[in-house]
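Please read the structure below before turning to the comments.
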Amino acid sequence: MAAQHSIIGRMARRPVVFTALVLVTGVITGLVLYSRAGFFGLTHQVVVAQSPSGYGIGLDEPAFTEKTRPGVMALAGDLRFIDGSPDTGQYILQALTTFPGFAVSVGAFFLLWRLLWRARDGVYLPQVAGQVRVLGWWLLAGGLLAPQIEHFAMMALLDTMAVGESYYGIKEIPVVVPLVGLGLLALASVLRTGVRMRDDLEGTV
Numbered sequence: 000m001a002a003q004h005s006i007i008g009r010m011a012r013r014p015v016v017f018t019a020l021v022l023v024t025g026v027i028t029g030l031v032l033y034s035r036a037g038f039f040g041l042t043h044q045v046v047v048a049q050s051p052s053g054y055g056i057g058l059d060e061p062a063f064t065e066k067t068r069p070g071v072m073a074l075a076g077d078l079r080f081i082d083g084s085p086d087t088g089q090y091i092l093q094a095l096t097t098f099p100g101f102a103v104s105v106g107a108f109f110l111l112w113r114l115l116w117r118a119r120d121g122v123y124l125p126q127v128a129g130q131v132r133v134l135g136w137w138l139l140a141g142g143l144l145a146p147q148i149e150h151f152a153m154m155a156l157l158d159t160m161a162v163g164e165s166y167y168g169i170k171e172i173p174v175v176v177p178l179v180g181l182g183l184l185a186l187a188s189v190l191r192t193g194v195r196m197r198d199d200l201e202g203t204v
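Note that numbering that gives the first Met the number 0 numbers the sequence shown so that position 119 is 118, with each residue one more than the last.
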């Protein structure tokens, strides 16, 4: 019995879906490329490292004090270090502060497109369940590892410019991407069960 075309399958055949995925990927790419005024910070003339510590540095310059209301103090909380003569190692570290997240995003959209293409003939297929599982593991692993790699790279870059500022402990992890990955792994399990049930039903007909 031929599998009926699913809604996802019909969507996969539409050029607008592919175009939308390309546009979204392009927007994410653009945000990453220009977030540090250059190609992952590689084309910028300086490297910038931000301290993980919070500071309450008072600002007494007129440019800041004239903006405050009576009884209000202007404080700066973030401390950044800028090196105007970076070497190759510093450029590599700066690129690693943004590249892992970019790779996770682009890889996720690529895997999503493969999933849509696999599902063009129906969702209850072994290949579809496998693609959902791969996408789930990609988001789970990437969502957990990418922030830590970027944090480690930032701290290593900070070590090249300051003493006693870096902190190599585990960074707080945004939970949205890993949770989506876990949800997809659960969905893949449901789809595999559905595939087995469909095969059993077809075998009894």
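Note that beta-carbon positions come from the ideal geometry of N, C-alpha and C, so glycine has one too.
If you look at Val46, you'll find it in the beta strand (DSSP E) that goes Val46 to Gln49. Under the three-state reduction of DSSP output, Gly76 falls in the coil class, being neither helix nor strand. Here the alpha carbons of Phe80 and Met72 stand approximately 24 Å from one another. Excluding the 5 residues flanking it on each side, Val127 has same chain C-beta neighbours closer than 8 Å at Leu114, Arg117, Ala118, Gly121 and Leu190, in chain order.
For Val103, the enclosing alpha helix (DSSP H) covers residues Phe98 to Arg117. By the Cβ-count criterion, Gln89 is buried, with 16 or more other Cβ atoms from all chains shown falling within 10 Å of its own Cβ. Within the same chain, and ignoring the five residues on either side of Ile148 in sequence, the residues whose Cβ sits closer than 8 Å to its Cβ are Leu95 and Pro99. Taking 8 Å as the cut-off, the beta carbon of Gly142 is found no closer than this to the beta carbon of Val105.
Counting the other Cβ atoms within 10 Å of the Cβ of Tyr123 gives 16 or more, which makes it buried. About 4 Å separates the beta carbon of Leu92 from that of Leu156, a gap short enough to meet the 8 Å contact definition.
One Cα belongs to Leu74, the other to Asp59, and the distance between them is close to 9 Å. Among the bridge pairs identified by DSSP, Asp82 is matched with Val46.
The C-alpha of Gly135 lies about 35 Å from the C-alpha of Asp77.
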